[in-house]
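Numbers in our numbering are just positions in the sequence shown, counted from 1, shifted up by 100.
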Amino acid sequence: MDEDIPREKLTGALRRGAVKKHVAAIHVSGKLTLLQRRLSNVLLLNAYDTLVSQAVHRIDARTLCLMIGYNSNDMETLKQSLRGLAETVAEWDMLDAQGRQEWGVSSLLSYAKLKGGVCEYAYSPALAEKLHDPKVFALINLNIQRRFTSGHALALYENCYRFVRTGSTGWWSLDTFRRLMGVSDSAYYEVFKQLNAKIIKPAVEEVNRSSNIIVTPETRKMGRTVTDIRFRIEENPQLAILDLDDGEGVRKSEIYARLVKLGASDRLARQWIAEHGEGTLGAKLDYVDAQDGVRNPVRYLSAALKGDFGTAAATTGAGEGAPLSDRAERLKRLQALVAARSPTQRDADRRMVLSRLSGAARDDFERHGWMSALNAEAIRTFWEELHPGAFD
Numbered sequence: 101m102d103e104d105i106p107r108e109k110l111t112g113a114l115r116r117g118a119v120k121k122h123v124a125a126i127h128v129s130g131k132l133t134l135l136q137r138r139l140s141n142v143l144l145l146n147a148y149d150t151l152v153s154q155a156v157h158r159i160d161a162r163t164l165c166l167m168i169g170y171n172s173n174d175m176e177t178l179k180q181s182l183r184g185l186a187e188t189v190a191e192w193d194m195l196d197a198q199g200r201q202e203w204g205v206s207s208l209l210s211y212a213k214l215k216g217g218v219c220e221y222a223y224s225p226a227l228a229e230k231l232h233d234p235k236v237f238a239l240i241n242l243n244i245q246r247r248f249t250s251g252h253a254l255a256l257y258e259n260c261y262r263f264v265r266t267g268s269t270g271w272w273s274l275d276t277f278r279r280l281m282g283v284s285d286s287a288y289y290e291v292f293k294q295l296n297a298k299i300i301k302p303a304v305e306e307v308n309r310s311s312n313i314i315v316t317p318e319t320r321k322m323g324r325t326v327t328d329i330r331f332r333i334e335e336n337p338q339l340a341i342l343d344l345d346d347g348e349g350v351r352k353s354e355i356y357a358r359l360v361k362l363g364a365s366d367r368l369a370r371q372w373i374a375e376h377g378e379g380t381l382g383a384k385l386d387y388v389d390a391q392d393g394v395r396n397p398v399r400y401l402s403a404a405l406k407g408d409f410g411t412a413a414a415t416t417g418a419g420e421g422a423p424l425s426d427r428a429e430r431l432k433r434l435q436a437l438v439a440a441r442s443p444t445q446r447d448a449d450r451r452m453v454l455s456r457l458s459g460a461a462r463d464d465f466e467r468h469g470w471m472s473a474l475n476a477e478a479i480r481t482f483w484e485e486l487h488p489g490a491f492d
């Protein structure tokens with residue numbers, strides 16, 4: 101199937117509308133449950149940065165359970181879901197860099213194991229290379245996927261989302277569509293009327309209600325028989341805030357703008373806001389702005405965050421080189437604990453703490469993150485559970 105590359109992926113002369121290139125689709129068996137689809141996405145997000153440079157990936161099982169939405173002690177369900185991914189086939193059919201046709205097949209996970217509270221897993225090298233291609237795989241926003249209650253709806257979303265810039269999936273045969281939805285082995289759904297009533301309409305309704313895109317199905321017939329289906333796709337303005345910022349609208353904040361103006365990358369700015377909270381970052385930025393002759397303000401701000409310059413000095417009346425107070429030592433240790441976690445784990449950690457808070461305490465943590473003075477005891481308790489004796 102020939103598909104247009106989204107124009108924002110192209111540069112220079114390639115941005116001309118007449119330039120087209122075959123973009124591969126990796127088709128994953130649609131028989132995955134909703135839980136398994138969530139698990140697959142979280143595992144891939146966790147591994148994405150080192151997908152082709154690192155053979156084995158790890159994530160703590162407690163975090164993994166939290167991210168996909170079930171009890172953190174339910175290891176049997178996790179085992180069953182991992183088993184399902186190892187038994188699921190991913191298939192691709194594409195042109196390589198030299199224009200030669202390439203077909204391949206691989207299990208979605210080459211192996212997975214649980215040991216010492218850690219989930220270790222790997223992809224086959226060939227599949228890892230394909231998944232890492234941004235033209236093939238678009239990271240699924242975890243905040244959006246948690247809104248789905250139907251595996252068919254999430255499957256439809258995943259297969260439509262990467263075409264949002266082109267506006268259409270292109271035509272799929274009904275056989276292909278049934279396979280993507282995981283009902284290809286059911287004689288019941290060979291009848292389009294039943295496929296439409298039980299699969300297509302409910303999935304479209306949930307995607308349009310729960311996600312950041314709106315999809316509209318269109319069919320093509322031969323005589324009176326429906327043979328093909330495609331989906332028109334447009335952005336959903338009502339849920340656009342979910343896109344990329346995981347529901348927090350981080351890029352619209354004043355602190356984000358100050359960090360970018362200072363020279364921080366988009367990813368670093370969002371990471372710092374998630375780790376330290378806007379209140380702490382605002383104080384640190386004011387401190388950095390007040391210093392003369394700073395050659396690299398981003399590096400200086402990073403040192404200030406790690407060394408607790410600014411806030412500690414202000415509360416103790418000491419200068420930058422003075423010994424840190426007990427509170428500052430605890431903050432320094434806390435920052436080290438946070439920094440040691442992967443982006444996926446940090447997101448899970450914040451959600452876990454938020455789930456324990458309410459009212460003003462929750463609002464304060466959402467604003468100030470790990471630096472929330474109102475929640476100092478709750479934060480300490482959380483990290484002591486993860487790392488006993490961390491603050492001794």
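Quick reminder that beta carbons are idealized off the backbone N, C-alpha and C, glycines included.
Output the boundary residues of the alpha helix (DSSP H) element that contains residue i.
i, result
"Asp464", "459-468"
"Met167", "161-168"
"Lys361", "354-362"
"Val156", "Here Val156 belongs to no alpha helix (DSSP H), and DSSP marks it neither H nor E."
"Ala147", "134-147"
"Tyr221", "Tyr221 -> not in any alpha helix (DSSP H); beta strand (DSSP E) instead, spanning 218-222."
"Asn296", "First-last for Asn296: undefined, no H or E at that position."
"Pro225", "225-231"
"Arg259", "The amino acid occupying residue 259 in the given sequence is Asn; Arg does not appear at that position. First-last of the alpha helix (DSSP H) with Asn259: 251-261."
"Arg480", "476-486"
So what does residue i bridge to, in DSSP terms?
i, result
"Ser207", "Val189"
"Phe331", "Pro317"
"Trp272", "Ile329"
"Gln371", "Gln371 pairs with nothing; no bridge assigned."
"Glu429", "None, per the DSSP bridge assignment."
"Leu214", "Cys219"
"Met322", "Thr325"
Rounded to whole angstroms, how far is the Cβ of residue i from the Cβ of residue j, which I believe are closer than 8 Å?
i, j, result
"Arg385", "Ala369", "According to the sequence provided, residue 385 is Leu. The question's Arg does not apply to it. Going by Cβ atoms, the distance from Leu385 to Ala369 rounds to 11 Å, so no, they are not a contact pair."
"Val152", "Ala228", "6 Å"
"Ile159", "Arg138", "Wrong, their Cβ atoms sit about 14 Å apart, outside the cutoff."
"Ala303", "Leu256", "4 Å"
"Leu434", "Trp483", "7 Å"
"Arg441", "Asp449", "6 Å"
"Ala222", "Ser210", "5 Å"
"Phe331", "Thr266", "Phe331 to Thr266, Cβ: 11 Å. No contact."
"Val142", "Leu178", "So it is not a contact: roughly 11 Å between Cβ atoms."
"Leu280", "Asn308", "Not quite, the Cβ-Cβ distance comes to about 18 Å (not below 8 Å), so this is no contact."
"Thr188", "Ser273", "The pair is not a contact, with the Cβ atoms about 22 Å apart (cut-off 8 Å)."
"Leu132", "Gly323", "Not a contact, Cβ separation roughly 34 Å."
"Val453", "Ala436", "Contact doesn't hold; Cβ gap of about 17 Å is too wide."
When you compare the CB positions of residue i and residue j, do they come within less than 7 Å of one another, or not?
i, j, result
"Ile329", "Val264", "no"
"Gly469", "Gly382", "no"
"Cys219", "Ala297", "no"
"Ser472", "Phe465", "yes"
"Arg262", "Ser310", "no"
"Arg231", "Leu208", "Checking the sequence, you will find Leu at residue 231 rather than Arg. The answer is no: Cβ separation not under 7 Å."
"Ser250", "Glu335", "no"
"Phe491", "Arg430", "yes"
"Leu182", "Ala155", "no"
"Tyr288", "Arg278", "no"
"Gly379", "Arg480", "no"
"Ile333", "Pro317", "no"
"Leu134", "Leu254", "yes"
"Ala364", "Val398", "yes"
Are any of the Cβ atoms in chain C nearer than 7 Å to that of residue i?
i, result
"Leu486", "Reference to chain C is not applicable here, since this structure consists of a single protein chain."
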